[in-house]
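Trainee: Counting from 8, one number per residue, gives the positions in the sequence shown under the numbering used here.
Using N, Cα and C, we set each Cβ at its ideal position, and we do this for glycine too.
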Amino acid sequence: MDSTHTSESSSLLNNASNVIAITAHEFKTPLTTITSIVDLLSTKLRIDRYMNPFYEQQLSRITSEIFSLNSMLDEMLTINNILSGSFEAKKELLYVEEQLLPLKEQFRSFTDDNRTLQINVSGTPCKILANSGQLTRIFSNLVSNAFKFSRQNAPVVHLSYEDKALVITVTDDGIGIPAEDLPHLFQPYYRGSNTKDIAGTGLGLTIVKTFVTANDGDIAVSSEPNKGTVFTLVFRYPDTCQ
Numbered sequence: 008m009d010s011t012h013t014s015e016s017s018s019l020l021n022n023a024s025n026v027i028a029i030t031a032h033e034f035k036t037p038l039t040t041i042t043s044i045v046d047l048l049s050t051k052l053r054i055d056r057y058m059n060p061f062y063e064q065q066l067s068r069i070t071s072e073i074f075s076l077n078s079m080l081d082e083m084l085t086i087n088n089i090l091s092g093s094f095e096a097k098k099e100l101l102y103v104e105e106q107l108l109p110l111k112e113q114f115r116s117f118t119d120d121n122r123t124l125q126i127n128v129s130g131t132p133c134k135i136l137a138n139s140g141q142l143t144r145i146f147s148n149l150v151s152n153a154f155k156f157s158r159q160n161a162p163v164v165h166l167s168y169e170d171k172a173l174v175i176t177v178t179d180d181g182i183g184i185p186a187e188d189l190p191h192l193f194q195p196y197y198r199g200s201n202t203k204d205i206a207g208t209g210l211g212l213t214i215v216k217t218f219v220t221a222n223d224g225d226i227a228v229s230s231e232p233n234k235g236t237v238f239t240l241v242f243r244y245p246d247t248c249q
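(1) For Q65, count the other beta carbons within 10 Å of its own beta carbon; 16 or more makes it buried, fewer makes it exposed. Which is it?
(2) Thinking C-alpha only, which one of C133, N138, S230 and A137 is nearest G181?
(3) Using only CA atoms, which one of I41, K234 and A172 lies nearest to E72?
(4) Tell me whether D81 is buried or exposed, calling it buried when 16 or more other Cβ atoms sit within 10 Å of its Cβ.
(5) May I ask which residues mark the beginning and end of the alpha helix (DSSP H) holding N148?
(6) L192 and I184 - do their beta-carbons sit closer together than 8 Å?
(7) Is there a Cβ of chain E sitting closer than 8 Å to that of A137, yes or no?
(8) So, using beta-carbon positions, are L149 and V215 closer together than 8 Å?
(9) Nearest to L142 by alpha carbon, out of L110, A186 and F156?
(10) Once the 5 residues before and after P245 are set aside, which same chain residues still bring their CB inside 8 Å of it?
(11) Decide if H32 is buried, meaning its Cβ has at least 16 other Cβ atoms within 10 Å, or exposed.
(12) Is DSSP giving G235 helix, strand or coil here?
(13) According to DSSP, S67 sits in a beta bridge with which residue or residues?
(14) I'd like to know whether the C-beta atoms of L210 and G224 end up nearer to each other than 8 Å.
(15) Note down the Cα distance separating L107 from F61, rounded to an integer number of angstroms.
(16) With distance defined between alpha-carbon atoms, name the residue in T220, K97, T36 and R56 nearest to N77.
(17) Give every residue of the same chain whose Cβ lies closer than 6 Å to the Cβ of T131, excluding the five residues on either side of it in the sequence, and list them in chain order.
(18) Within 10 angstroms of the Cβ of I86, are there 16 or more other Cβ atoms? Answer buried if so, exposed if not.
(19) Starting from A172 and walking both ways along the alpha helix (DSSP H), at which residues does that stretch end?
(20) Does the Cβ-Cβ distance between I145 and V219 come in under 8 Å?
(21) Among the residues of its own chain, which have a CB less than 6 Å from the CB of Y197, if the five just before and after it don't count?
(22) What does the Cβ neighbour count give for L166, buried or exposed, with the cut at 16 atoms within 10 Å?
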């Protein structure tokens, strides 16, 4: 391949990357406006005492769909930053549970049922060295998938503070992942063969894997169709546990 062709290919990729970033940002503005209007309608209906179960359910569905669209746009922007090598690298000592608690409240607002994320902790809490924003994206994507694909029970996140590392499991009772899909799960745009009727970009787990690796962690998955899925993350402690 000559240098001219290589330069043209690089230019096309850069242009495509810019288009993705600009488009995703442009979609964010009307979605923010729609969210504000839904909040305003909800408040007005309650003040005027017109709110009833039908209106509440439909407004909740709109809010849930907006949340899904925003999540997809975030994935597009994040994968664009990853491909361009411009994602954050700054790390700090932090407690993982502090990253999870806001998500518990967030997903409480965006589910149509009464399920709430369950967070269990065992062992003596210890800080890990990681990037706060990247950890939030890791858990946001995994928890979002757990809600999306689970059926009856709420997803469970267990933090197990062991001797040398923090072991985190994210468990759901969902549709599971076929064995033939497991080796390809973290590839960009790959979607499980049993998820065709469920919305998604196929980027979420690629982002998760990239950020887990960037924070010196490991990730594994075990699953059985129609029984559920468990993602296991391991983050080693720094030299001294704080």
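Mentor: Based on what the coordinates show:
(1) On the sequence shown, position 58 is the one that residue 65 refers to. Residue burial is scored here from C-beta neighbours: Q65 has fewer than 16 other C-beta atoms within 10 angstroms and is therefore classed as exposed.
(2) What you label residue 181 is simply residue 174 of the sequence shown in a count that begins at 1. Measuring from the Cα of G181, the nearest candidate turns out to be S230.
(3) Counting from 1 along the sequence shown, the entry for residue 72 is found at position 65. Considering only alpha carbons, the answer is I41.
(4) For the purposes of this step, residue 81 is taken as residue 74 along the sequence shown, with counting starting at 1. D81 should be labelled buried.
(5) Taking the sequence shown and counting its residues from 1, one reaches residue 148 at position 141. S139 to F156 is the span of the alpha helix (DSSP H), which, as asked, contains N148.
(6) Within the sequence shown, residue 184 is the residue found at index 177, counting from 1. Within the sequence shown, residue 192 is the residue found at index 185, counting from 1. Contact: yes.
(7) Protein chains in the displayed structure number just one, and chain E is not present.
(8) Working through the sequence shown from its first residue, we reach residue 149 at position 142. Working through the sequence shown from its first residue, we reach residue 215 at position 208. Closer than 8 Å, so yes.
(9) Here residue 142 refers to the residue found at position 135 of the sequence shown. Comparing alpha carbon positions, the residue from L110, A186 and F156 closest to L142 is L110.
(10) Start at 1 with the first residue of the sequence shown, and residue 245 comes out as number 238. Sequence-distant Cβ neighbours of P245 in its own chain, meaning closer than 8 Å and more than five residues away, are L100, K134, I135 and L136.
(11) Working through the sequence shown from its first residue, we reach residue 32 at position 25. Exposed.
(12) Here residue 235 is taken as the residue at index 228 of the sequence shown, counted from 1. Here G235 sits in strand by DSSP.
(13) Walking along the sequence shown from the start, residue 67 turns up at place 60. DSSP, once it has assigned bridges, lists no residue as partnering S67.
(14) On the sequence shown, residue 210 is found 203 positions in, with the first residue counted as 1. On the sequence shown, residue 224 is found 217 positions in, with the first residue counted as 1. No, Cβ-Cβ distance for L210 and G224 is not below 8 Å.
(15) Position 100 of the sequence shown, counted from the start, is the residue given in the question as residue 107. Position 54 of the sequence shown, counted from the start, is the residue given in the question as residue 61. Cα to Cα, the separation comes out at about 32 Å.
(16) Here residue 77 refers to the residue found at position 70 of the sequence shown. When only C-alpha atoms are compared, the closest one is T36.
(17) Reading the sequence shown from its first residue, position 124 is the one you call residue 131. Apart from the 5 residues on each side of it in sequence, T131 sits with its Cβ closer than 6 Å to the Cβ of Y168 in its chain, given in chain order.
(18) Taking the first residue of the sequence shown as 1, we reach residue 86 at position 79. Result: buried.
(19) To locate residue 172, count along the sequence shown from 1; it is residue 165. In the DSSP assignment, A172 falls outside any alpha helix (DSSP H) and lies within the beta strand (DSSP E) extending over A172 to D179.
(20) Working through the sequence shown from its first residue, we reach residue 145 at position 138. Working through the sequence shown from its first residue, we reach residue 219 at position 212. By the CB criterion at 8 Å, I145 and V219 fall inside the cutoff.
(21) The sequence position of residue 197 within the sequence shown is 190, counting from 1. Listed in chain order, the non-local C-beta contacts of Y197 below 6 Å within the same chain comprise H191 and G209, local neighbours out to five positions each way being set aside.
(22) The residue you call residue 166 lines up with position 159 of the sequence shown. L166 should be labelled buried.
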